[in-house]
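Heads up, the sequence shown is in the numbering used here, so the first residue is 71 and it goes up one at a time.
Here a beta-carbon is modelled for each residue, glycine too, at the ideal position from N, C-alpha and C.
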Amino acid sequence: MKHFLLILFSFFTIAAFSQAAAPTPKIKIAKSKFIKAKTIREILPSLPKNCPISEYRFAIETPQLKKSITIKNNKITSDIKSIVKNMKAGQKFYIENIKSNCKTPFKTKHIFIITK
């Protein structure tokens, strides 16, 4: 009976740890490409085409600045473009909490790294 419980405990422990979420991949993007984009769909082609985006959050966290802006549509505003334009290569920003009434599942958090 002890061996059975030990095997059962081991099985559930392995199952629990194997369910851990995969790390969010980092997307490299040039400043010029981001500034030219009008919607987040242009910078995130992985979003389902038939799903309208109703809201998303733009976030940046650096030693000098910690800022989060919620946008109620899928447009990239001039404020966000201005922030990215002033970023240096290697800095990160996040597009998070993408909301849609879509039935197709998709990633709601993306990490971007600025290049040139």
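I need the straight-line Cα distance from I97 to K72, nearest angstrom please.
49 angstroms
Under 8 angstroms, do F176 and P118 count as touching if we go by C-beta distance?
yes
Please give the ranges of any beta strand (DSSP E) in the segment 88-130, keeping only runs that are unbroken, at least 3 residues long and fully inside the region.
For the beta strand (DSSP E) assignment, the uninterrupted runs of no fewer than 3 residues enclosed by the segment 88-130 are, from N- to C-terminal side, 96-100.
From S110 to D149, what does the alpha carbon distance come to, in whole angstroms?
Correcting the residue type first, residue 110 is Ile in the shown sequence and not Ser. Approximately 14 angstroms between the Cα atoms of the pair.
Name the residue from P93, I105 and K101 whose alpha carbon lies nearest to the alpha carbon of Q161.
It is K101 whose Cα lies nearest to the Cα of Q161.
Can you tell me which of the three DSSP states I150 falls into?
helix
For T132, which option in F163, F182, I181 and I146 has the closest C-alpha, if you only look at C-alpha atoms?
Closest in alpha carbon position to T132, among F163, F182, I181 and I146, is F163.
Where does K136 sit, in a helix, a strand or coil, going by DSSP?
strand
With a CB to CB cut of under 7 angstroms and the five nearest residues on each side skipped, what residues in its chain are close to I130?
Within the same chain, Cβ atoms closer than 7 angstroms to the Cβ of I130 are found at K137, I153 and F163, the five residues on either side in sequence being excluded.
Determine the extent of the beta strand (DSSP E) in which T178 is found, giving its start and end residues.
Unbroken run through T178: none, as it is neither H nor E.
With DSSP as the reference, please indicate the residues paired to I168 in a beta bridge.
For I168, which the question treats as bridged, DSSP gives no partner whatsoever.
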